[in-house]
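Numbering (the numbering used here), first residue to last: 1 to 353. Structure, as structure tokens:
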Ligand SMILES: [Zn+2]
């Protein structure tokens, strides 16, 4: 059988406080040397950090406007013209994704220094790029050869990003439960290592003593959770370890444009609690975790003009969002899902979560 499998993972992986200026040292430690290094950042906060990194080492800088096809082309042309042999992406998802995409198209090494974490795409061979119509497309990208996450920088990002990151990791629970269902029904194969990486990412967070988005030890665990999720997806060659019914419902809300614009991770994290309820797997500590990090326990508040008509539409649409992906939704009719939601509401109320 032929299946996609990851051929390499980042060789530099550092998560700590105050490490952003250590890039050159991490390269040296790995006996890596480059001639033309380019630091690529966004326009705002990341620009400042990019300048610090570039100035310290005398590297050149490049500022991105956006994550569009046009920006990809412009950066690619620059990389080719100046024989850049290492791209250092400093910024949020848009910068990192553009850099990884250009790395792929120009066959250039790249290293990521995220300034924001909000989802598990942190380490992945996928880039989300905006096409001419303003719609995003997921395209092949080059896996970064290194990821350096400075906790001091991540902490500066608005708390909603950290919340979203926690939500996307929380979703691993319902996603892996759905994966087991699919496996038991002989619909999908199982990758044990990917499964355990995904599960341990979320259980280490939920079982942590001091759940607090601004605590450094919690943030470190959160970042590691995101990274392990990314590796799980890379190992299995699909988003399966981190994406189940909660992502299907979330994608349906986005597709129908019924969302209130909350970040992806917060949305899937919130829906995952309901997915766990559908799976008969919900536990008090999961609910408490969500409440502590500020993820809504009921996701109807994330939907504009919520009504049972809209809910029905969302559940029907969610069945089409990932063709071939089996989940708890396949075991229930839309009416049953809707009835379960009312039970879920009562469950939250009676338990005072
Ligand atoms: Zn996600």
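Ideal Cβ positions, reconstructed from N, Cα and C, are used throughout, including at glycine.
For secondary structure counted as the alpha helix (DSSP H) over 4 or more consecutive residues, the region 192-251 holds these complete runs in sequence order: 192-206 and 216-236. Nearest Cα to residue 285 within the set 165, 315 and 205: 205.
Between the C-alpha atoms of residue 119 and residue 164 there is a straight-line separation of about 7 Å.
Around the beta carbon of residue 219, 16 or more other beta carbons lie within 10 angstroms, which makes this residue buried. DSSP lists 39 as the bridge partner or partners of residue 61.
Between the region 304-320 and the region 332-346 there are three or more inter-stretch CB-CB distances shorter than 8 Å, so the stretches are counted as touching. Beta-bridge analysis with DSSP links residue 112 to 89 and 147. Note on the region 259-310: there is no whole beta strand (DSSP E) run with a minimum of 3 residues. Of the residues assessed, residue 100 falls on the buried side of the cut-off, its CB having 16 or more other CB atoms within 10 angstroms.
In this structure, residue 41 has its beta carbon at no less than 7 Å from each heavy atom of ligand 1. Burial check for residue 333: the Cβ neighbour count within 10 Å stays below 16, so the residue is exposed. Residue 10 sits close to residue 123, with the two beta carbons spaced by under 8 Å. Given a length threshold of 4 residues, each whole run of the alpha helix (DSSP H) inside the region 123-186 is given here in chain order: 151-154 and 159-184. Put simply, of 190, 142, 67 and 103 the residue whose alpha carbon is nearest the alpha carbon of residue 129 is 67. Taken atom to atom, the span from the alpha-carbon of residue 296 to that of residue 57 is near 44 Å. Rounded to whole angstroms, the Cβ separation of residue 328 and residue 279 is 5 Å, and the two are in contact under 8 Å. Non-local beta-carbon contacts of residue 216 in its own chain, meaning distances under 8 Å to residues more than five positions away in sequence, involve 17, 151 and 155 in chain order. Shown here for residue 65: same chain residues with a beta carbon closer than 8 Å to its own, the five before and five after excluded, namely 43 and 71 in chain order. Restricting attention to 243, 300 and 234, the CA atom closest to the CA of residue 253 is found in 300. For the pair residue 85 and residue 226, the Cα-to-Cα distance works out to about 28 Å. In the three-state reduction of the DSSP assignment, residue 333 falls in the coil class, being assigned neither a helical nor a strand state. Here residue 251 is actually not in contact with residue 168; their C-beta atoms are around 13 Å apart, not less than 8 Å. For residue 23, the enclosing alpha helix (DSSP H) covers residues 23-29. By the C-beta density criterion, residue 184 is exposed, having fewer than 16 other C-beta atoms within 10 angstroms. Annotation: residue 116 to residue 189 spans about 33 Å, alpha carbon to alpha carbon.
Distances from the CB of residue 264 to the heavy atoms of ligand 1 include at least one below 7 Å.
A straight line joining the alpha-carbon of residue 105 with that of residue 95 spans about 15 Å. In the structure shown, residue 69 adopts helical secondary structure according to DSSP, grouped into three states. Shortest gap from the CB of residue 209 to any heavy atom of ligand 1: 7 Å or more. Taking the CA atoms as reference points, residue 270 sits about 38 Å from residue 76. With respect to residue 259, residue 302 sits close: the two C-beta atoms are nearer than 8 Å. Buried is the label assigned to residue 144, since at least 16 other Cβ atoms lie within 10 Å of its Cβ. Distance from the Cα of residue 213 is smallest, within the candidate group 127, 92, 159 and 15, for 159. In this structure, the CA atom of residue 246 is about 16 Å from the CA atom of residue 257. Between residue 132 and the set 63, 62, 268 and 73, the nearest pair of CA atoms involves 73. In this structure, DSSP gives residue 347 a helical state, which the three-state scheme calls helix.
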